[in-house]
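Chemist: Take this structure, written in structure tokens, and hold onto it; I'll ask about it next.
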Amino acid sequence: MVNIVNPVLKIGIGCPVTPILTWYLLRVNLVFGEYMASVQLRNLIKNYGDTEVVKGINLDIQHGEFIVLLGPSGCGKSTTLRMLAGLEDITDGEICIEHEVINDLHPIERNIAMVFQSYALYPHMTVEENMAFALENLGVDKKTRKRMVAEIAEVLELTPLLDRKPKELSGGQRQRVAMGRAMVRSPDVFLFDEPLSNLDAKLRGQMRSEIKRLHQRIKTTVVYVTHDQVEAMTLADRIAILNGGVIEQIGTPKEIYGRPKNKFVAKFIGTPEMNVLENLGDDVTPFLATSIAQQVPDFNVLSIGIRAQDFHLNACELESDSIGSIKVTLEQVELMGSVKHLTCLFSDQRIVAEVPYRDERTPNEFELYFDINKVHVFDEKDRLITQ
Ligand code: ADP
Ligand code: MG
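Just so we're aligned, residue 0 is where the sequence shown starts under numbering that gives the first Met the number 0, counting upward by one.
What follows is the structure in structure tokens.
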């Protein structure tokens, strides 16, 4: 594996890069491949006037890593990405590539490529011309451009479409052209800002697998922004969950799903949303109460989280010697195929249990059983209480 930071970066501002040198660097990138760089965000801050939008983000991204910034709309994902690309000034903090501060580098000199949600291809140009455009601007000669575009088109399976105009392509094909246009520059870091949001559900699934396969092949460092937790879970090596301009948790999808640090993360990851029971009082089984009380004496102020998949209709389905239960009233049954979702009331709190689909009626009142070891306990500040 060749792992060199692009020398264009090292040259920096004020030192004109000749077209020949650029051409040479691009060739080196393409031939030896697997270009990637580590990225460091240090206490990154962005204010618009008096409004703090990004509030001190720290993030270390490894070589070749696929990092997903996941969070609800308006939490500062795009702003963070745009600062990384150099399209937005930063208010404070540092952005580094390979531990070198690049705060003042022009976007072109960062050797970072960005693919947006609206991928705005030039409508009057063919696929090939769209992909070659950046190379033309860099002064790469026509013959070389053609060869470089052909190589990337092969990777993205766009070869048969090179002569078409964007309007003759499907949404997914346009998306691939947008990626190809970014890839011909052989960037050290790829940035994606909700690239699949405009596609329908089926195509989104296909493109997700394509992006994953592509990353496994080219191994470039990727920072990918989305509000879709399924995208995040399936694509990411690590996920950084953003909320109101701060990172709530960084971890592998497995860590974040299995051990969410706080109530926000717990509810944001997983479908259906994790059930959180508040003001437990005497409604829980004595066994649950005892086991939680062992961790924290004053457990009345706490809330507990149980995933829908962790509820069972029969205690014997659980291979555990610490089984808790709650008595619930059925409100609604939704058939989902192989499973069904039971919406129930526990006191006045609504919860959802996911149980295997069986063609049998669910009684109006019943017990839901769960393994106490799978219960997430949150303190009064919504933080996970570590066992
Ligand atoms: P996300 O991508 O997570 O949906 P953004 O990073 O686009 O969120 O925006 C974060 C917040 O910053 C939002 O509340 C948005 O309204 C605000 N914002 C974004 N751009 C500007 C701007 N140019 N001027 C003022 N506020 C902005
Ligand atoms: Mg956005």
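Cβ atoms here follow ideal geometry from the backbone N, Cα and C, with glycine treated the same way.
None of the values given here were measured: they were computed from a predicted structure.
Kindly indicate which residue of Pro-159, Arg-357, Ile-107 and Leu-69 has the alpha-carbon position closest to the one of Val-126.
Modeler: What you label residue 126 is simply residue 127 of the sequence shown in a count that begins at 1. Taking only the C-alpha atoms, the option nearest Val-126 is Pro-159.
Chemist: Looking at Gly-170: is its Cβ nearer than 8 angstroms to the Cβ of Leu-202?
Modeler: In the sequence shown, counting from the first residue as 1, residue 170 sits at position 171. In the sequence shown, counting from the first residue as 1, residue 202 sits at position 203. Yes; because the gap between Cβ atoms is below 8 angstroms, this pair is in contact.
Chemist: So what's Gln-61 in DSSP terms, helix, strand or just coil?
Modeler: The residue labelled residue 61 in the question sits at position 62 within the sequence shown. Looking at Gln-61 - three-state DSSP - the assignment turns out to be coil, as it is neither helix nor strand.
Chemist: Please report how far the alpha carbon of Cys-315 lies from the alpha carbon of Leu-367, in whole angstroms.
Modeler: Taking the first residue of the sequence shown as 1, we reach residue 315 at position 316. Taking the first residue of the sequence shown as 1, we reach residue 367 at position 368. Approximately 12 angstroms between the Cα atoms of the pair.
Chemist: Nearest to Thr-225 by alpha carbon, out of Asn-242, Asp-162 and Ala-149?
Modeler: Position 226 of the sequence shown, counted from the start, is the residue given in the question as residue 225. Closest option to Thr-225, Cα to Cα, is Asn-242.
Chemist: If contact is defined by three or more beta carbon pairs under 8 angstroms, each pair taking one atom from either stretch, is the region 215-224 in contact with the region 60-71?
Modeler: Segments in contact, yes.
Chemist: Going by DSSP in three states, Phe-263 sits in which element: helix, strand or coil?
Modeler: Your numbering for residue 263 matches position 264 in the sequence shown. Helix at Phe-263.
Chemist: Near Ala-177, what residues of its chain come up, given a Cβ to Cβ distance below 6 angstroms and the 5 sequence neighbours on each side ignored?
Modeler: Here residue 177 refers to the residue found at position 178 when the sequence shown is read from its first residue. These residues qualify, in order along the chain: Val-114 and Tyr-118.
Chemist: Could you tell me which uninterrupted alpha helix (DSSP H) segments, each at least 4 residues in length, are contained entirely in the region 55-120, listed from first to last along the chain?
Modeler: Counting whole runs of 4 or more residues, the region 55-120 contains the alpha helix (DSSP H) stretches 76-84.
Chemist: Just the Cα atoms here: how many angstroms apart are His-98 and Ala-36?
Modeler: Within the sequence shown, numbered from 1, the residue matching residue 98 stands at position 99. Within the sequence shown, numbered from 1, the residue matching residue 36 stands at position 37. Spanning the two alpha carbons is a distance of roughly 10 angstroms.
Chemist: By the three-class DSSP mapping on this structure, what secondary structure does Gly-304 have?
Modeler: Counted from its first residue, the sequence shown places residue 304 at position 305. If DSSP states are grouped into helix, strand and coil, Gly-304 belongs with the strands.
Chemist: Out of Ile-268, Glu-135, Leu-334 and Gly-323, point me to the one whose CA is closest to Asp-370's CA.
Modeler: Locating residue 370 in the sequence shown gives position 371, counting from the first residue. Here the closest residue by C-alpha is Gly-323.
Chemist: In whole angstroms, what separates the C-alpha of Arg-164 from that of Asn-129?
Modeler: As a working note, residue 164 is residue 165 in the sequence shown. As a working note, residue 129 is residue 130 in the sequence shown. In the sequence under discussion, the amino acid at residue 164 is Lys, which differs from the Arg named in the question. Answer to the nearest angstrom: the Cα atoms are 9 angstroms apart.
Chemist: If you draw a straight line from the C-alpha of Val-27 to the C-alpha of Leu-69, how long is it?
Modeler: Locating residue 27 in the sequence shown gives position 28, where the first residue counts as 1. Locating residue 69 in the sequence shown gives position 70, where the first residue counts as 1. Because the pLDDT at Val-27 is just 42, under 50, the model does not fix this residue reliably, and the value given afterwards should be weighed accordingly. Going by the C-alpha atoms only, they are around 34 angstroms apart.
Chemist: When the Cα atoms are used, what is the spatial distance from Pro-106 to Arg-237?
Modeler: The count along the sequence shown starts at 1 and reaches residue 106 at position 107. The count along the sequence shown starts at 1 and reaches residue 237 at position 238. Their backbone Cα atoms lie some 25 angstroms apart in a straight line.
Chemist: So, with DSSP's three-state summary, where would you put Glu-330?
Modeler: In the sequence shown, residue 330 corresponds to position 331, counting from 1. If DSSP states are grouped into helix, strand and coil, Glu-330 belongs with the strands.
Chemist: Under the rule that 16 or more other beta-carbon atoms within 10 Å means buried, what is Glu-230, buried or exposed?
Modeler: In the sequence shown, counting from the first residue as 1, residue 230 sits at position 231. Per the 10 Å Cβ criterion, buried.
Chemist: By a C-beta neighbour count over all protein chains shown, 10 Å radius and 16 as the cutoff for buried, is Lys-76 buried or exposed?
Modeler: Reading the sequence shown from its first residue, position 77 is the one you call residue 76. Lys-76 comes out buried.
Chemist: Just the Cα atoms here: how many angstroms apart are Gly-55 and Ile-249?
Modeler: In the sequence shown, counting from the first residue as 1, residue 55 sits at position 56. In the sequence shown, counting from the first residue as 1, residue 249 sits at position 250. Computed Cα separation, rounded: 14 angstroms.
Chemist: Cβ-heavy atom distance between Val-52 and the ligand ADP below 7 angstroms?
Modeler: Here residue 52 refers to the residue found at position 53 when the sequence shown is read from its first residue. The answer is yes for Val-52.
Chemist: Is any heavy atom in the ligand ADP found nearer than 7 angstroms to the beta carbon of Lys-201?
Modeler: Stepping through the sequence shown from its first residue, residue 201 is reached at position 202. No, the ligand ADP has no heavy atom inside 7 angstroms of this Cβ.
Chemist: Let me know if His-123 comes out buried or exposed under the rule of 16 or more other beta-carbons within 10 Å of its beta-carbon.
Modeler: By 1-based counting over the sequence shown, the position of residue 123 is 124. So His-123 ends up on the exposed side.
Chemist: Using the C-alpha atoms, what's the distance from Arg-212 back to Asp-192?
Modeler: Residue 192 sits at position 193 when you count from the first residue of the sequence shown. Residue 212 sits at position 213 when you count from the first residue of the sequence shown. Distance between the alpha carbons of Asp-192 and Arg-212: 18 angstroms.
Chemist: Out of Leu-190, Val-154 and Asn-197, which one is the CA nearest neighbour of Gln-174?
Modeler: As a first step, residue 174 must be located in the sequence shown, where it is residue number 175. It is Asn-197 whose Cα lies nearest to the Cα of Gln-174.
Chemist: Is Ser-77 near the ligand ADP, with its Cβ less than 7 angstroms from a heavy atom?
Modeler: Here residue 77 refers to the residue found at position 78 when the sequence shown is read from its first residue. Within the cutoff, so yes.
Chemist: Three-state secondary structure (DSSP) at Ile-210?
Modeler: Stepping through the sequence shown from its first residue, residue 210 is reached at position 211. Looking at Ile-210 - three-state DSSP - the assignment turns out to be helix.
Chemist: Could you tell me the alpha carbon to alpha carbon distance between Asp-320 and Phe-310, rounded to whole angstroms?
Modeler: What you label residue 320 is simply residue 321 of the sequence shown in a count that begins at 1. What you label residue 310 is simply residue 311 of the sequence shown in a count that begins at 1. Distance between the alpha carbons of Asp-320 and Phe-310: 15 angstroms.
Chemist: Less than 7 angstroms separating the Cβ of Cys-74 from some heavy atom of the ligand ADP?
Modeler: Taking the sequence shown and counting its residues from 1, the one referred to as residue 74 is at position 75. Yes, the Cβ of Cys-74 comes within 7 angstroms of a heavy atom of the ligand ADP.
Chemist: According to DSSP, simplified to helix, strand and coil, what is Ile-384?
Modeler: Here residue 384 is taken as the residue at index 385 of the sequence shown, counted from 1. It is coil, neither helix nor strand.
Chemist: Looking at the secondary structure, which residues open and close the beta strand (DSSP E) in which Gly-250 lies?
Modeler: Residue numbering aside, residue 250 sits at position 251 when the sequence shown is read from its first letter. Segment 245-250, the beta strand (DSSP E) holding Gly-250.
Chemist: At a cut-off of 7 angstroms, would you count Gly-70 as near the ligand ADP, judging by its Cβ distance to the nearest heavy atom?
Modeler: The residue given as residue 70 occupies position 71 in the sequence shown. Because some heavy atom of the ligand ADP lies under 7 angstroms away, the Cβ of Gly-70 counts as near it: yes.
Chemist: Please find out if some non-hydrogen atom of the ligand MG comes closer than 7 angstroms to the beta-carbon of Asp-192.
Modeler: As a first step, residue 192 is located in the sequence shown; it is residue number 193 there, counting from the start. Yes, Cβ of Asp-192 sits closer than 7 angstroms to a heavy atom of the ligand MG.
Chemist: Check whether the region 85-105 and the region 139-151 touch, using three or more Cβ-Cβ pairs below 8 angstroms as the test.
Modeler: Contact between the region 85-105 and the region 139-151 is absent, because fewer than three Cβ pairs lie under 8 angstroms.
Chemist: Counting C-beta neighbours from all protein chains within 10 Å, is the total for Val-100 16 or more, i.e. buried, or is it exposed?
Modeler: Here the question's residue 100 lines up with position 101 in the sequence shown. Its Cβ having fewer than 16 others within 10 Å, Val-100 is exposed.
Chemist: Check whether the region 324-339 and the region 262-274 are in contact - that is, three or more C-beta pairs closer than 8 angstroms.
Modeler: No, they do not touch.
Chemist: Can you check whether the CB of Leu-341 is closer than 8 angstroms to the CB of Thr-328?
Modeler: Counting from one through the sequence shown, the residue named residue 328 turns up at place 329. Counting from one through the sequence shown, the residue named residue 341 turns up at place 342. Against a cut-off of 8 angstroms, the Cβ pair of Leu-341 and Thr-328 comes out as no contact.
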